[in-house]
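Peer 1:
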Amino acid sequence: MRKFCIAVFVCILLFASFTSAYAATSDLGADGFNANVAYIPYIDEIGSNIGTDATNSSAITENHDVNIKFDSDSLQITGSVLGKEFNVCGNILTANENGNSVIFEAHDKYNNYEVAFCALERDLDNTPLFFENYFDNNRDYKNVVKLYIRPCDEKSLIFVEAFSKNDIEKGFLTQYKVPYDGVAANINQAWFINYYDAVMDYSKIDTPQPTANTTHVTRDYSKSYMVLGEQVRYTFKVSFYCTLPDITTNGDGTADVFVYVDESNTKSLDNANSSLNSDEQHVLALEQCNIQYKSGPYIILTAQEPVRRMNGSKSAVDRSVSFGYSYGLFSVGGSYSFNQSDEISTDKVFFTQYTSKEGTMSTESGRMPNNTSLSKSGHTYGIAIDFLDMKGTARYVSVGVRMDFKITNQLKLSESKTDSYVNSYSIRVK
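The working numbering runs 896 ahead of the 1-based position in the sequence shown.
If you want it as structure tokens, here you go:
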């Protein structure tokens, strides 16, 4: 009995020593991960031929060698696919919004491949997988390392998904306090936009009921993309406002003309709990906005000193404008900000007063400063216009508003487009 106890004790010590040595090296190669590889030689226009292992089993290849190693807060993936070697090294960039993904900024040291996406993920039921069917038949896996790469001299895509029964991602979040950068996460998780087009491009125009002295049009610029069997929508809806108060004869008033981001988010249309879901989206943005305003007969515009104004109503939430200047309130930062600034710098408008056959009239315009954009819900840009009645009689006067701007796809500039909003409104002089 004594010899048996000693033998058991020795075995326990040996096992503990082996475990400690394994943890110290953090070498999670073939012993720690089960790598699966798919090769898609050609990607169609909207990526519909990628699919998953259930719908595109012919893409699965056994001609691969994949080894994974974590070293502190970095990741190294080495090996080859179809005889072409890679040595991908990455450093932690950010977690995703729900904390189930650690995204790495990675590159191939051999320059044989372009790295589309590299991440360590958990909650595998709620992340897009090429090897979805494989995971369904192996439910004991807890983590997956995703490495999606493109050979530099090809138009193909390679999907490496290495599964582990250990919850390594949870340890990463605990040990390294992985930061969350919403812009970086949203942009990196939208890797597929670089490789194919949207499956749905929205262009609906919706006109809600006007409120008192305010009218606005909401325009939908959202886009949807296919990704590994899911359809993901980047919602981007903006409204164009003109607020015109009634004035008395020979009296004055202030008009507010502005564009406002009503809704901006990222949602999977197939999985309510998808790791891609976010209350933000930074793929689509409005830039280069130029607002032009033309007064009616005997309604002249009057200049004023810049005054910082803030209103909490729907028609002017989170904005501060005055004649000729904009102090738009923005709160986006980080290396993936895509020229979104914390505060829009002052930007003068052009003020012209002229005489027509109908009497004295005025025009005014305000251009959004360079290197700024609107992408988050609540982002806004506009101008406040002071005007004065010079005729002294009760009437309705028509004024014109025009906003020219650009809707930019930050990841695929070829999908960016210019657009305009043009309308006329009435001022009541009583």
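Here a beta-carbon is modelled for each residue, glycine too, at the ideal position from N, C-alpha and C. As the structure is a prediction and not an experimental result, all values here were calculated from the model.
Would you tell me roughly how many angstroms separate the C-alpha atoms of residue 1030 and residue 949, rounded to the nearest one?
Peer 2: Along the sequence shown, one-based indexing puts residue 1030 at 134. Along the sequence shown, one-based indexing puts residue 949 at 53. Distance between the alpha carbons of residue 1030 and residue 949: 7 Å.
Peer 1: Which partner residues of residue 1012 appear in the DSSP bridge assignment?
Peer 2: Translated into the one-based positions of the sequence shown, residue 1012 becomes position 116. None, per the DSSP bridge assignment.
Peer 1: Which parts of the segment 1260-1293 are runs of the beta strand (DSSP E), unbroken and 3 residues or longer, counting only runs that do not cross its ends?
Peer 2: Entirely contained in the segment 1260-1293, the beta strand (DSSP E) runs reaching 3 residues are, in chain order, 1276-1285.
Peer 1: Is the beta carbon of residue 1092 sitting closer than 7 Å to the one on residue 943?
Peer 2: Residue numbering aside, residue 1092 sits at position 196 when the sequence shown is read from its first letter. Residue numbering aside, residue 943 sits at position 47 when the sequence shown is read from its first letter. It is a contact, given that the beta carbons lie within the stated cut-off.
Peer 1: Which residues share a DSSP beta bridge with residue 1028?
Peer 2: Residue mapping note: residue 1028 aligns to position 132 of the sequence shown, counting from 1. Partner(s): none; residue 1028 has no beta bridge.
Peer 1: Pull up the DSSP beta-bridge partners for residue 1073, would you.
Peer 2: Sequence index remark: in the sequence shown, residue 1073 carries index 177 (1-based). For residue 1073, which the question treats as bridged, DSSP gives no partner whatsoever.
Peer 1: Would the segment 973-990 count as touching the segment 1111-1129 if we require 3 or more Cβ pairs under 8 Å?
Peer 2: Flag = no, the segment 973-990 and the segment 1111-1129 do not touch.
Peer 1: Does DSSP put residue 1067 in a helix, a strand or coil?
Peer 2: For the purposes of this step, residue 1067 is identified with residue 171 of the sequence shown, where counting begins at 1. The answer is helix: DSSP assigns residue 1067 an H, G or I state.
Peer 1: Among the residues of its own chain, which have a CB less than 6 Å from the CB of residue 1201, if the five just before and after it don't count?
Peer 2: Along the sequence shown, read from residue 1 onward, the residue named residue 1201 stands at position 305. Low confidence applies to residue 1201: its pLDDT is 34, below 50, so where it sits in the model is not reliable enough to give any reading.
Peer 1: What distance in whole Å lies between the Cβ atoms of residue 1090 and residue 1012, which are believed to be in contact at a cut-off of 8 Å?
Peer 2: Taking the sequence shown and counting its residues from 1, the one referred to as residue 1012 is at position 116. Taking the sequence shown and counting its residues from 1, the one referred to as residue 1090 is at position 194. That belief holds up - the Cβ atoms of residue 1012 and residue 1090 are roughly 7 Å apart, short of 8 Å.
Peer 1: Whole angstroms is fine: what's the gap from residue 1263's alpha carbon to residue 1186's?
Peer 2: The residue labelled residue 1263 in the question sits at position 367 within the sequence shown. The residue labelled residue 1186 in the question sits at position 290 within the sequence shown. Cα to Cα, residue 1263 sits roughly 4 Å from residue 1186.
Peer 1: Between which two residues does the alpha helix (DSSP H) carrying residue 1151 extend?
Peer 2: Taking the first residue of the sequence shown as position 1, residue 1151 is located at position 255. It is not in any alpha helix (DSSP H) - residue 1151 instead sits in the beta strand (DSSP E) that spans 1148-1164.
Peer 1: Just grab the DSSP bridge partners of residue 1051 for me.
Peer 2: Translated into positions along the sequence shown, residue 1051 becomes position 155. Per DSSP, none; premise fails for residue 1051.
Peer 1: Are residue 1300 and residue 1320 close, meaning C-beta to C-beta below 7 Å?
Peer 2: Here residue 1300 refers to the residue found at position 404 of the sequence shown. Here residue 1320 refers to the residue found at position 424 of the sequence shown. Their beta carbons are not under 7 Å apart, which means residue 1300 does not touch residue 1320 by this criterion.
Peer 1: With DSSP run on the structure shown, which of helix, strand or coil describes residue 941?
Peer 2: Along the sequence shown, read from residue 1 onward, the residue named residue 941 stands at position 45. Three-state result, residue 941: coil.
Peer 1: Report, in whole angstroms, the separation of the C-beta atoms of residue 1054 and residue 933, which I expect to be a contact under 8 Å.
Peer 2: Here residue 1054 refers to the residue found at position 158 of the sequence shown. Here residue 933 refers to the residue found at position 37 of the sequence shown. Contact holds; Cβ gap of about 7 Å.
Peer 1: Which residues does DSSP pair with residue 1298 in a beta bridge?
Peer 2: Counting from one through the sequence shown, the residue named residue 1298 turns up at place 402. According to DSSP, which records beta bridges pairwise, residue 1298 is partnered with 1188, 1318.
Peer 1: Report all residues from its chain with a CB closer than 7 Å to the CB of residue 1015; omit the five preceding and five following residues, and keep chain order.
Peer 2: On the sequence shown, position 119 is the one that residue 1015 refers to. Answer for residue 1015: 997, 998, 999, 1000, 1042, listed in chain order.
Peer 1: Would you mind reading off the limits of the beta strand (DSSP E) that contains residue 999?
Peer 2: Locating residue 999 in the sequence shown gives position 103, counting from the first residue. That run of the beta strand (DSSP E) goes 997-1004.
Peer 1: Residues in its own chain within less than 7 Å of residue 988 by CB, not counting five upstream and five downstream?
Peer 2: The residue you call residue 988 lines up with position 92 of the sequence shown. The answer, listed in chain order, is 969, 998, 1000, 1072, 1074.
Peer 1: At the level of alpha carbons, what is the spacing between residue 935 and residue 1278?
Peer 2: Residue numbering aside, residue 935 sits at position 39 when the sequence shown is read from its first letter. Residue numbering aside, residue 1278 sits at position 382 when the sequence shown is read from its first letter. Cα to Cα, residue 935 sits roughly 49 Å from residue 1278.
Peer 1: Does the segment 1077-1086 touch the segment 1046-1060, meaning 3 or more C-beta pairs lie closer than 8 Å?
Peer 2: Too few Cβ pairs lie closer than 8 Å, so no.
Peer 1: Do you know how far the Cα of residue 1084 is from the Cα of residue 982?
Peer 2: In the sequence shown, residue 982 corresponds to position 86, counting from 1. In the sequence shown, residue 1084 corresponds to position 188, counting from 1. Whole-angstrom Cα-Cα distance: 21 Å.
Peer 1: Suppose you measure from the CA of residue 1284 to the CA of residue 1136; what does that come to, to the nearest Å?
Peer 2: The residue labelled residue 1284 in the question sits at position 388 within the sequence shown. The residue labelled residue 1136 in the question sits at position 240 within the sequence shown. Spanning the two alpha carbons is a distance of roughly 24 Å.
Peer 1: Would you kindly work out how many angstroms separate the C-alpha atoms of residue 955 and residue 994, rounded to a whole number?
Peer 2: Here residue 955 refers to the residue found at position 59 when the sequence shown is read from its first residue. Here residue 994 refers to the residue found at position 98 when the sequence shown is read from its first residue. So the alpha carbons of these two residues sit roughly 31 Å apart.
Peer 1: Just grab the DSSP bridge partners of residue 1081 for me.
Peer 2: On the sequence shown, residue 1081 is found 185 positions in, with the first residue counted as 1. Bridge partners of residue 1081: none, in fact.
Peer 1: Under a three-way DSSP split, which group does residue 987 fall into?
Peer 2: The residue given as residue 987 occupies position 91 in the sequence shown. Here residue 987 sits in strand by DSSP.
Peer 1: With residue 1165 and residue 1120 assumed to form a contact (beta carbons below 8 Å), what rounded beta-carbon distance in angstroms separates them?
Peer 2: Here residue 1165 is taken as the residue at index 269 of the sequence shown, counted from 1. Here residue 1120 is taken as the residue at index 224 of the sequence shown, counted from 1. Contact flag correct, Cβ pair sits at about 7 Å.
Peer 1: Taking Cβ to Cβ, would you say residue 1086 is nearer than 7 Å to residue 992?
Peer 2: Position 190 of the sequence shown, counted from the start, is the residue given in the question as residue 1086. Position 96 of the sequence shown, counted from the start, is the residue given in the question as residue 992. No. Outside cutoff.
Peer 1: With respect to the beta strand (DSSP E) encompassing residue 961, which residues constitute its N-terminal and C-terminal limits?
Peer 2: Sequence index remark: in the sequence shown, residue 961 carries index 65 (1-based). Note, residue 961: beta strand (DSSP E), 960-967.
Peer 1: Starting from the C-beta of residue 1044, find all residues in its chain whose C-beta is less than 8 Å away, skip the five residues before and the five after it, and write them out in chain order.
Peer 2: In the sequence shown, residue 1044 corresponds to position 148, counting from 1. These residues qualify, in order along the chain: 1011, 1012, 1013, 1014, 1053, 1054, 1055, 1056, 1087.
Peer 1: Taking C-alpha atoms, which residue in 1160, 965, 1039 lies nearest to residue 1174?
Peer 2: Reading the sequence shown from its first residue, position 278 is the one you call residue 1174. Nearest of 1160, 965, 1039 to residue 1174, Cα basis: 1160.
Peer 1: Buried or exposed, going by whether 16 or more other CB atoms sit within 10 Å of the CB of residue 1047?
Peer 2: Numbered from its first residue, the sequence shown carries residue 1047 at position 151. Result: buried.
Peer 1: At the level of alpha carbons, what is the spacing between residue 927 and residue 1059?
Peer 2: Here residue 927 refers to the residue found at position 31 of the sequence shown. Here residue 1059 refers to the residue found at position 163 of the sequence shown. For residue 927, the predicted model reports a pLDDT of 46, less than 50, meaning its position is unreliable and no value from the coordinates is stated.
Peer 1: Please check the pair residue 1155 and residue 1134, which I expect to be a contact at CB under 8 Å, by giving their CB distance rounded to whole angstroms.
Peer 2: Translated into positions along the sequence shown, residue 1155 becomes position 259. Translated into positions along the sequence shown, residue 1134 becomes position 238. Rounded, the Cβ-Cβ distance is 6 Å, consistent with contact.
Peer 1: In angstroms with no decimal places, state the Cα-to-Cα distance between residue 1265 and residue 1184.
Peer 2: In the sequence shown, counting from the first residue as 1, residue 1265 sits at position 369. In the sequence shown, counting from the first residue as 1, residue 1184 sits at position 288. Near 7 Å, if we compare the C-alpha coordinates of residue 1184 and residue 1265.
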